[in-house]
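As structure tokens, the structure follows; a few thoughts come after it.
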Amino acid sequence: MNPESADSPELISAYFDHALTDPECQELAVRLQNDPGAALEFARTARLHAMLEAAAPPQRTVSGMLQHRWWKFAAAAAVVAAAAVGAVWYGQKASVAPQRSFVVEQIVTDGLETIAPLPPGVKRRTVRVTAATAPPPASSLDALLSRYYVDVDPAGLTVPEALVALKSGITAVNYLGRAELASLQFGYGAAQIHPALQIPSRQPGDGEPRIVAPLPKPFTVSEYLAICGLYRSVWSEPGGIVYPGGAVSAPAAPDPGHTRVATRTFRVPPDFFTRALVPPRDPGTGPFPTAGEMAADPFKAREVGDSDRPAAAELKTVPPGFPPVATLMASRSASTVTVTADPATLDHWERILNVVSQRAVHQHYIITKFIICPPDRVPAGVNDASGLILTDEEYQKMTRELAAVAATELVGAPSIIVRRGQRSRLEIIYEVPSLETGPPYDWLGLTQDVMTAGSGELIRISGMVDLGLPAWSGLYALTTLVRSEPNPARDNGANQFMGEGVLHHQTGFDLWIPDGSTAVFSLDVATGDPRTVLACVTVRLIDVAGRPLSR
Amino acid sequence: MVRDVHVREDVFQEVSRTLWERFEDYDLSFAFGAWARGIAARKLLEARRRQARFPLVFPPETIAAVLEAFDASDDDVSLHETALRLCLEELPQRSRTILKLRYDRRKSCDEIAEAVGSTLKAIHQILCRLRQTLHLCIERRIDRDDLEPTPPQSAIPARHES
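In order, the protein sequences belong to chains A and B.
If you read the first sequence in our numbering, its first letter stands for residue 1, the second for the next number, and so on.
If you read the second sequence in our numbering, its first letter stands for residue 1001, the second for the next number, and so on.
As structure tokens, this is what we get:
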């Protein structure tokens, strides 16, 4: 391009395409300085360029700069010394590689009193990771932020206040000391505020709207940002990820005298009416369940109204509420919500429904196995107070080595899926009459109560194992009872032990396990059998479809 | 205004941080854009004073002239964004493809030329014309108040409007 003969618009356009040479840049600079029209054209093109860039989908890659920072942090973290939890197996030379586990000292230890109290005399095993090693690298920051829950609520805050609260919330749950989370910063585009939002809680003199959250807490970081994004676009600093908050669209405010309404029908997920609007637990009680919640009915669910009309009425109370001219109809059978309102309300409701519909459902997939082994084969570090945390590789190696030992039996129990914050109970029992004639009945077999909570990549499982064993046959009966298949042609496992009476052997546990790891602890079983019963509890964080969440 | 992409990101980060830290000082009666641009310009000039080799494209006088032009045309960004969205929908498919490659996929003009089977010069001209077309369309729509919103893309698929 001949800089002197090129039109100013051509030069300006080429500038934004990084196509100008040095002489062309100099020519453009002169024109901008001397020609107000050219400067105006430049400003106009710059705005257009910025709007086109803002309208583009975000790039969701972790930059090399971010990874570089992570490795620096990992090197520092590796220097931290802490008590190792059993790096030597069986009191001999280690046949398993040292554990790869994480620093958890930051966890506030006030959780113990929130666990449901155990029956008198029942001991609890508390097993936590304590060794210090760098956490595994995350595949994407996006995935991390959709896993970590924060116990902060943006409701009533301005977006800047909410982002400050979010930073402290992330710090509180960054148990693994991830540099990706520690270095996150948030900004926002103040010029893109939604002018049509009339927030009832707006304080006089406030320049900022206050957030009215359409969902109850707790939130994942992603959900929290999506709620902030209803009011402003938010993004992390360069080098992190760009959140798709986008500019909040702002159609012209409706003329009160001639309100133009339109109707939109939104399809919502099938469980929208029972899940999305139901508080998972009482707010303000922290990320882990309280004793009261542990005792409460874990399966209590709240339908949003018994029919479509009450469902619609309840939906209309979702913040920020509904203007008088708007109507809402809900059809639970068709999983649709039909809204008739002015365009501004429709747009805002569409964004709310997007946030609510995409709310993450995290579940914990728990696999429990029992290993009955001779006492001299019990891994070092497993005792009547604590246990071990193993990676998948270490756990597989341990079970292979134990399985090769005589007099060792492996007993698998069915797996459980527990929704985060709820309680679940596994029972493999055979009811037997008590020694007194008639009811009440007792049972032989196994029950396992679990309740899980988790934020990010660390999952807490608490509960109790109850082994109901025949008074005389003891551990011999365990494999028979748990493995026994129904066969009406012969006596089932329970019938063999009729008349022996039942003894219950209960062990409580409180496990803090990294996602995908296994906690190993011993059960309190007093049967006269010298062997030890180890419980191996593996937990994975999965999505609603049962897939493990990616890191 | 800054040649080097890494330096540009650092400057952007620095400006964002300053805006954040000084937000309490912001006077709501003034346009935010003007305030933010003023801070950004001062940061650039400070950087240039500290470091003679700071990769600034334009001299300070040009930056001042551009700032003045921005302030003179501080329009309602939200209206422009709505109008832009509608104007993009009016463009022919090939034009939208080129814009998508340029902005969504962040391709260079070389890569776009190769992708669509054209020359670099032609792509520059096309992008220049597209920007002018979009300017005119946006201004026309705002002047006529023709901003009937098209329902934005949604994660919720089924939607009917009457």
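All residues carry an ideal CB built from backbone N, CA and C; glycine is no exception.
Of all residues in the region 376-406 of chain A, none comes within less than 7 angstroms of chain B when Cβ atoms are compared.
For the beta strand (DSSP E) assignment, the uninterrupted runs of no fewer than 3 residues enclosed by the region 328-365 of chain A are, from N- to C-terminal side, 336-341. Just so you know, the alpha carbons of residue 461 (chain A) and residue 1095 (chain B) end up roughly 56 angstroms apart. One finds 29 in chain A with Cβ atoms closer than 7 angstroms to the Cβ of residue 1059 (chain B), taken in chain order. Where residue 47 (chain A) is concerned, the enclosing alpha helix (DSSP H) starts and stops at 36-55. Ranking A:160, A:185 and A:158 by CA distance to the CA of residue 171 (chain A) puts A:185 first. Taken through DSSP and simplified to helix, strand or coil, residue 1043 (chain B) comes out as helix. Residue pairing by DSSP places residue 512 (chain A) opposite A:128 and A:460 in a beta bridge. DSSP places residue 156 (chain A) in no beta strand (DSSP E); its state is neither H nor E. According to DSSP, residue pairing for residue 447 (chain A) in a beta bridge involves A:427 and A:466. Across the set B:1122, B:1017 and B:1147, the C-alpha of B:1122 shows the shortest separation from the C-alpha of residue 13 (chain A).
Using beta-carbon distances, residue 326 (chain A) does not count as an interface residue toward chain B, since no partner is under 8 angstroms. For the region 1110-1130 of chain B, residues whose beta-carbon sits nearer than 7 angstroms to a beta-carbon of chain A comprise 1124, 1127 and 1128. Under a 10 Å Cβ-count criterion, residue 187 (chain A) is classified as buried, with 16 or more other Cβ atoms of the shown protein chains found around its own Cβ. Pairing residue 387 (chain A) with residue 519 (chain A) gives a Cβ-Cβ distance under 8 angstroms. Per DSSP, residue 1024 (chain B) lies in no beta strand (DSSP E) segment and is marked neither H nor E. The three-state secondary structure of residue 1078 (chain B), taken from DSSP, is helix. For the options B:1030, B:1011 and B:1082, the alpha carbon positioned closest to that of residue 1140 (chain B) is the one of B:1082.
Nearest C-alpha to residue 363 (chain A) among A:180, A:120, A:19 and A:545: A:545. Sixteen is the threshold: since fewer than 16 other Cβ atoms of the shown chains lie within 10 Å of the Cβ of residue 1144 (chain B), the residue is exposed. For residue 145 (chain A), there is no enclosing beta strand (DSSP E); the enclosing alpha helix (DSSP H) covers residues 141-145.
By the CB criterion at 8 angstroms, residue 469 (chain A) and residue 143 (chain A) fall outside the cutoff. Close partners of residue 14 (chain A) in chain B (Cβ separation under 8 angstroms): 1124 and 1128. Here residue 1093 (chain B) is exposed. Its C-beta has fewer than 16 other C-beta atoms within 10 Å.
In the three-state reduction of the DSSP assignment, residue 1033 (chain B) falls in the helix class, which pools H, G and I. DSSP, read as helix, strand or coil, puts residue 386 (chain A) in coil.
Assignment of residue 442 (chain A) by DSSP, reduced to helix, strand and coil, places it in the strand class. The DSSP-derived three-state label of residue 1121 (chain B) is helix. When Cβ pairs closer than 8 angstroms are counted between the two stretches, the region 151-165 of chain A is seen to touch the region 213-224 of chain A, the count reaching three or more. Taking all protein chains shown into account, residue 1110 (chain B) has fewer than 16 neighbouring C-beta atoms within 10 Å of its C-beta and is therefore exposed.
Taking C-alpha positions only, residue 46 (chain A) is separated from residue 159 (chain A) by approximately 27 angstroms. Looking at the backbone, the Cα of residue 179 (chain A) and that of residue 420 (chain A) are separated by about 25 angstroms.
Assigned with DSSP and collapsed to three states, residue 211 (chain A) falls in coil, not helix or strand.
For the C-beta of residue 1030 (chain B), not a single chain A residue is nearer than 7 angstroms; the gap to the nearest is close to 11 angstroms.
With respect to chain B, the C-beta atom of residue 179 (chain A) has no partner C-beta closer than 8 angstroms. Look at the region 1008-1020 of chain B: the residues with a C-beta under 7 angstroms from a C-beta of chain A are 1009, 1012, 1013, 1016 and 1020.
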